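Using my numbering, the first residue of the sequence shown is number 1, and each one after it goes up by one.
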Amino acid sequence: MKKKILNVLILSLIIILSVPVFSYAQETEDGYIFLAPLAGLKKVSRDHALQEYIPFIFKLLIGLSAVFAVLSIVVGGFQYISTDAFQKKSEGKARIKNSILGLILVIGSWLILHTINPDLLEINLELETPVMEEMPESSGSLRPGGSRVATGADLLSGTSLAADESIRKQLESAGIKINNPPCTADRTSNCTNLNGLPQSTIITLAALKLDCSNYHGSDCPIVITAGTETSLHNKGTAHRPGNGVIDLRPTPKLNAYLGNTSPKDGEQIVKNGFKFTYEVIGSNPASTADHWHVVTQ
1 MKKKILNVLI LSLIIILSVP VFSYAQETED GYIFLAPLAG LKKVSRDHAL QEYIPFIFKL
61 LIGLSAVFAV LSIVVGGFQY ISTDAFQKKS EGKARIKNSI LGLILVIGSW LILHTINPDL
121 LEINLELETP VMEEMPESSG SLRPGGSRVA TGADLLSGTS LAADESIRKQ LESAGIKINN
181 PPCTADRTSN CTNLNGLPQS TIITLAALKL DCSNYHGSDC PIVITAGTET SLHNKGTAHR
241 PGNGVIDLRP TPKLNAYLGN TSPKDGEQIV KNGFKFTYEV IGSNPASTAD HWHVVTQ
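So, in structure tokens, the structure goes:
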């Protein structure tokens, strides 16, 4: 008799708790309006119905699991105190124990996931639209493979070539290296021009080399990787004769001297008469490697 009463009690509680879940809803143009409000879900838009329903159902199931665990504990306690039979008391204790373990498991699982990464409990079904980036325009010509070549006035000869050689000698005497020979009719790529580089930039570069070496107490390599060769850069570039603009190789010693051993794309530093901007190879398809874009202040 007691067992029948217990079963009827459990069934009644389940029916009572289930009634709000199956309430009818009214659909409108803006979304779904529930006749009986549900905690945590007041309105669901059509465009994101599934994305908003799934997290709600997940939280609802956790809540119901906790409720049923508590009810099972109550039923186990009632079973334990309502009989003198040892076996029935043992069954009641076992029910209480299992219910407590289940409650800890449900709540503990949620807490662990929320502690590790709250985003694990978020459901996002939206697909991002890929963004197509346009290739920067070049002021020079392109080879069939896509690499740029020097053209026009960047192909040095005569006076311009002599000016380039003179500046190279000044820089090399200060211990500054240049990664490539000048651009000529016979060498239209993998070349670096220095003709037209202002004297103030040359002097400041020599001072940078000396200061960086003194900072480390040993030689600090300064390597120019781009100069005044306009056609090997993007359209509108500041790399041109008469401008104090160059690119420098980001050697470990130079980076340490600038106070940034792991520079990120776009980071800027002003030091020793120069403005340094770090550019990665992806920012400039004509670039041969990551570099410091350096402008004389």
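Glycine included, every Cβ here is placed at the ideal spot set by N, Cα and C.
These numbers were taken from a predicted model, which means no experiment stands behind them.
Around the C-beta of His114, fewer than 16 other C-beta atoms lie within 10 Å, and the residue is accordingly described as exposed.
When DSSP assignments are scanned along the region 247-287, the uninterrupted stretches of beta strand (DSSP E) that are 3 or more residues long and fall wholly within it turn out to be 268-271 and 274-279.
Shortest Cα-Cα distance from Trp292 to any of Pro263, Arg148 and Gly273 involves Pro263. Secondary structure in the region 171-195: no alpha helix (DSSP H) run of 4 residues or longer lies completely within the stretch.
At least 8 Å separates the beta-carbon of Cys183 from that of Tyr257. Residue environment: Leu156 is assigned as buried (16 or more neighbouring CB atoms within 10 Å of its CB, all protein chains considered).
A residue is called buried when at least 16 other Cβ atoms come within 10 angstroms of its Cβ; Gly92 meets this threshold and is buried.
Counting every other CB atom within 10 Å of its CB across the protein chains shown gives Ile116 a total below 16, marking it as exposed.
Beta-bridge pairing by DSSP links Trp292 to Leu248 and Tyr278.
In the DSSP annotation of this structure, the continuous segment of the alpha helix (DSSP H) that includes Ile203 starts and ends at Gln199 to His216. Taking the Cβ atoms as the reference, Asp265 lies roughly 16 Å from Val294, outside the contact range of under 8 Å. The alpha carbon of Ile73 has as its nearest neighbour, out of Ile104, Ala85, Ile62 and Lys59, the alpha carbon of Ile104. Each residue's CA atom was taken as its position, placing Thr228 and Lys253 some 25 Å apart.
The beta carbons of Lys177 and Val245 sit no closer together than 8 Å.
Rounded to whole angstroms, the gap between the alpha carbons of Thr204 and Phe274 is 8 Å. Under the 10 Å beta carbon count, Gly63 is surrounded by fewer than 16 other beta carbons and is classified as exposed.
Residue pairing for Ile224: DSSP places it in a beta bridge opposite Ile178 and Leu248. Excluding residues up to 5 positions away in sequence, Leu258, Gln268, Ile269, Trp292 and Val294 lie with their Cβ nearer than 7 Å to the Cβ of Phe276 in the same chain. By alpha-carbon distance to Gly242, the top candidate from Ala289, Thr201 and Ser218 is Thr201. Leu155 carries a coil assignment under DSSP once its states are collapsed to helix, strand and coil. Assignment of Ala69 by DSSP, reduced to helix, strand and coil, places it in the helix class.
With respect to the C-alpha of Ala206, the residue from Asn272, Asp154 and Pro181 having the closest C-alpha is Asn272. Of the other Cβ atoms in all chains shown, fewer than 16 fall within 10 Å of the Cβ of Ser109; this residue is therefore exposed. When the alpha-carbon of Pro198 is set against those of Leu171, Gly236, Lys59 and Cys191, the nearest one is in Leu171.
Comparing alpha carbon positions, the residue from Leu194, Ile281, Leu61 and Arg148 closest to Ser166 is Leu194.
The beta-carbon separation of Ala150 and Cys191, rounded to 6 Å, stays under the 8 Å limit for a contact. About 29 Å separates the CB atoms of Gly175 and Ser231; that is not less than 8 Å, and the two are not in contact.
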